[in-house]
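Presented below is the structure to which this report refers.
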Amino acid sequence: MASKWIVKELKDLQKVKENPGPISGGLAPIYDAAGKIPDRGIV
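1 is the number of the first residue of the sequence shown in UniProt numbering; add one for each residue after it.
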C-alpha cells in the first residue's frame with residue numbers, strides 16, 4: 001500500500017527534523033546519502 005509507505009516515510013522525516021544526527025533505521029540514511037551525491041544524474 002503506497003499510502004502506508006508515504007506515512008512511514010513522513011514519520012521518518014519528522015524524526016530526522018526533530019533529531020538531527022545519525023539515524024539507524026528507516027530509509028532516512030539512504031535519502032541523506034543520495035542528497036550528498038554531486039551528480040544528480042546518478043540517482
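Every residue, glycine too, gets a C-beta built ideally from N, C-alpha and C.
Whole-number beta carbon distance between residue j and residue i, since they are thought to touch under 8 Å
i     : j     : result
Gly26 : Asp12 : 4 Å
Coarse secondary structure for residue i, derived from DSSP in three states
i     : result
Pro38 : coil
Leu27 : coil
Given residue i as reference, the closest of the options once Cα atoms are compared
i          : options               : result
Ala28      : Lys4, Met1 and Lys8   : Lys8
residue 44 : Ile37, Asp32 and Lys4 : Missing from the structure shown is residue 44; the chain here goes from 1 to 43 and no further.
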